[in-house]
Amino acid sequence: MNSQTPVIQVDGLSRSYRDVAALQDVTFTLQPNVICGLLGRNGAGKTTLMRMLTGQAFPSAGSVRLFGENPVENSAVLQQICFVSEAQRYPDGFQARHILAGAPWFFSNWDAAFADELVGKFRLPLKRDVKKLSRGQQSALGVIVGLASRASITIFDEPYLGLDAVARHTFYDTLLADYAEQPRTIVLSTHLIDEVSNLLEHVLVLDEGRLLLDQSAESLRGSASAVAGRAGDVDSFAEGRQVLHRDTLGGLATVTIAGRLTAADHRAAAAANLEIAPVSFQQLIVDLSTRSAPAPAVASVVHE
Amino acid sequence: MDEGRPIFQQIAERVENDILSGALSEEGQVPSTNEFAMFYRINPATAGKGVNMLVEQGILYKRRGIGMFVVAGARERITARRRELFVLEYIAPMLAEAASLGIAPDQITQLIENQLIERETR
Chain A
9 MNSQTPVIQV DGLSRSYRDV AALQDVTFTL QPNVICGLLG RNGAGKTTLM RMLTGQAFPS
69 AGSVRLFGEN PVENSAVLQQ ICFVSEAQRY PDGFQARHIL AGAPWFFSNW DAAFADELVG
129 KFRLPLKRDV KKLSRGQQSA LGVIVGLASR ASITIFDEPY LGLDAVARHT FYDTLLADYA
189 EQPRTIVLST HLIDEVSNLL EHVLVLDEGR LLLDQSAESL RGSASAVAGR AGDVDSFAEG
249 RQVLHRDTLG GLATVTIAGR LTAADHRAAA AANLEIAPVS FQQLIVDLST RSAPAPAVAS
309 VVHE
Chain B
54 MDEGRPIFQQ IAERVENDIL SGALSEEGQV PSTNEFAMFY RINPATAGKG VNMLVEQGIL
114 YKRRGIGMFV VAGARERITA RRRELFVLEY IAPMLAEAAS LGIAPDQITQ LIENQLIERE
174 TR
């Protein structure tokens with residue numbers, strides 16, 4: 009896509025906790041100034057990966073390079089990264105204003121005026137103990153820190169917990185507007201896939217510690233179809249194709265088929281009275297990550 | 054946005070629709086990529102891809118440092134291409150549906166004529 013040096017370079021990354029393999033041999037690179045979705049089920053290894061990207065955990069094997077350097081205890085690199093963690097804890101007695109006042113020490117690009125503007129937008133109380141803020145207000149604080157840090161790499165781990173629909177859309181709109189003005193690399197880990205899918209340029213999907221998908225959001229969209237009709241007709245249409253999912257209702261069946269359908273496929277389906285419908289981004293990722301088949305085979309099919 | 058179809062294609066289609074309806078005039082300026090991205094809540098790179106597709110098709114052109122404009126004659130060009138697609142996208146599916154409902158060919162022509170009369174008298 010472009011020939012710039014990747015901002016994030018992860019090579020053979022593995023991490024085990026006792027006998028649990030949280031990440032297994034994860035390899036990918038991320039080009040600068042891309043909004044990337046990090047998706048996967050609970051326990052897929054997303055948070056482990058983000059902690060290692062930000063130098064907060066050590067790999068059991070493999071390496072992480074940010075701007076070509078190891079992030080662990082590397083202040084030049086860490087100043088350019090912001091990690092908004094869902095599990096962020098602050099010392100007793102800390103108020104939002106203390107956190108915003110201290111932020112310039114951690115983030116070299118911190119924009120205090122922008123932070124003030126966001127405090128108004130999200131209606132965040134500044135002079136209340138952070139521990140006494142609601143879950144949504146704590147999330148808003150994280151979102152404000154993440155956006156105003158203007159960090160070259162900003163990583164949001166489930167930034168929306170407790171945020172209502174209005175606040176979430178404020179977050180998406182502000183993120184897009186600010187990204188358009190000041191492009192930077194954004195990694196967004198979320199379960200609300202349908203809400204964010206249009207914001208993403210790239211998608212990483214983790215499943216049971218392995219990287220299931222690493223591709224552009226655009227190539228993923230429309231890369232599977234749902235075919236519905238009489239079970240016998242559906243199954244003969246699906247024969248020889250990669251079926252990601254199959255549902256039946258009486259004599260009717262619906263299958264999710266990987267890969268783009270050709271015009272000839274559409275004609276064949278119409279002739280057999282089959283209905284073809286697009287599969288939503290979220291549904292596709294759900295179908296992919298509930299399969300038990302080995303990951304590489306799936307990824308190669310969806311890659312066209 | 055409709056699922057399953059590339060978003061950049063849908064953006065391009067919406068711009069074309071606005072040119073056909075006259076909402077965007079020929080030689081008029083169109084919103085910037087970032088404005089499209091924010092309006093439709095999509096990634097700016099995706100919006101840019103849609104706009105670039107229209108540039109390649111000779112519907113929009115770039116004026117350095119100013120922005121994106123509608124090519125003179127763009128309406129004609131879009132109309133011509135959509136007329137070619139009309140049979141494929143509207144008539145063929147209609148005939149397939151008619152066949153599955155058992156509507157005979159002469160009935161179809163009759164139904165179309167009735168609709169045309171109704172439109173005229175409305």
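Residue numbers (my numbering), protein chains in the order written: chain A, 9 to 312; chain B, 54 to 175. The beta-carbon is built from N, C-alpha and C at its ideal position, and this holds for glycine as well. Note that the structure is predicted; figures quoted are calculated from it, not measured.
Contact list for A:L207 against chain B, beta-carbon separation under 8 Å: Neighbours of A:L207 on chain B, chain order: R94, I95, N96.
Run through DSSP, which three-state label would A:V80 get? coil
To be precise: take each residue of the stretch 214-236 of chain A, compare its Cβ to all Cβ atoms of chain B, and keep it if any distance is under 8 Å. Which residues remain? When CB distances to chain B are screened at a threshold of 8 Å, the residues of the stretch 214-236 of chain A falling below it are A225, E226, R229, G230, S233, in chain order.
Which residues bound the beta strand (DSSP E) around A:E209? Careful: A:E209 lies outside any beta strand (DSSP E) and carries neither H nor E.
Terminal residues of the continuous beta strand (DSSP E) containing A:F36? 28-38
Listed in chain order, which residues of the stretch 178-190 of chain A have Cβ atoms closer than 9 Å to some Cβ of chain B? Y180, D181, L184, A185, Y187, A188, E189
Using the C-alpha atoms, what's the distance from B:R135 back to B:T86? 24 Å
Under the three-state reduction of DSSP, which class applies to B:V124: helix, strand or coil? coil
Taking the C-alpha atoms as reference points, what is the distance between A:L260 and A:L282? 10 Å
From which residue to which residue does the alpha helix (DSSP H) around A:R143 run? 143-156
The beta strand (DSSP E) enclosing A:T256, as first and last residue numbers: Per DSSP, A:T256 belongs to the beta strand (DSSP E) from 251-257.
Among residues of its own chain, excluding the 5 on either side of A:L46, which ones have a beta-carbon nearer than 6 Å to its beta-carbon? K54, V195, S197, L212
What in chain B is Cβ-close to A:A278, meaning under 7 Å? Those within 7 Å of A:A278 in chain B are A149.
Which residue marks the beginning of the beta strand (DSSP E) containing B:K115, and which one marks its end? 113-116
I'd like to know if A:G82 contacts chain B, where contact means its C-beta is closer than 9 Å to some C-beta of that chain. Correcting the residue identity first, residue 82 of chain A is Asn in this sequence and not Gly. By this cut-off, A:N82 is not an interface position.
Could you compute how far the alpha carbon of B:L148 sits from the alpha carbon of B:R130? 27 Å
Measuring only between beta-carbons, confirm whether A:V151 sits less than 9 Å from chain B. no
Beta-carbon separation of A:T13 and A:F102 under 9 Å? No, Cβ-Cβ distance for A:T13 and A:F102 is not below 9 Å.
Cross-chain neighbours of B:A152 in chain A, by beta carbon under 8 Å: Taking the beta carbon of B:A152 as reference, no residue of chain A falls within 8 Å; the closest one sits roughly 10 Å away.
What residue range is occupied by the uninterrupted alpha helix (DSSP H) comprising B:Q168? First-last of the alpha helix (DSSP H) with B:Q168: 158-174.
Under 8 Å by beta carbon: chain A residues contacting B:A90: L184, A188
With DSSP as the reference, please indicate the residues paired to A:P286 in a beta bridge. A:S233
Measuring only the C-alpha atoms, how far is A:G128 from A:D137? 18 Å
How long is the line joining the alpha carbons of A:S231 and A:Q64, rounded to whole angstroms? 36 Å
Contacts that B:N105 makes with chain A (C-beta to C-beta distance below 9 Å): Neighbourhood of B:N105 in chain A, by CB distance below 9 Å: empty, with the nearest CB roughly 13 Å away.
DSSP-derived helix/strand/coil call for A:Y98: Correct three-state label for A:Y98: coil.
Who are A:F179's beta bridge partners in DSSP? According to DSSP, which records beta bridges pairwise, A:F179 is partnered with nothing at all.
Do the stretch 166-184 of chain A and the stretch 23-30 of chain A make contact, defined as three or more Cβ pairs closer than 8 Å? no
Run down chain B in chain order and give the residues with a C-beta less than 8 Å from the C-beta of A:I43. N96
With DSSP as the reference, please indicate the residues paired to A:E218 in a beta bridge. Reading off the sequence shown, one finds Arg at residue 218 of chain A, where the question assumed Glu. A:D215, per the DSSP bridge assignment.
Report yes if the C-beta distance between B:V123 and B:L138 is below 9 Å; otherwise report no. no
Check whether chain B comes within 9 Å of A:P286, counting only Cβ atoms and requiring the distance to be less than that. yes
Hey, out of A:T264, A:I284, A:T262, whose CA is closest to A:D271's CA? With the sequence shown as reference, residue 271 of chain A is identified as Ala, and Asp is not the correct amino acid for it. Closest option to A:A271, Cα to Cα, is A:I284.
Within 9 Å of any Cβ in chain A, is that where the Cβ of B:K102 sits? yes
Spatially closest choice to A:R176 from A:I163, A:V151, A:R192, A:E189, by CA coordinates: A:V151
Counting only Cβ pairs nearer than 7 Å, list the residues of chain A close to B:T132. Within 7 Å Cβ-Cβ: nothing; B:T132 doesn't reach chain A, min ~24 Å.
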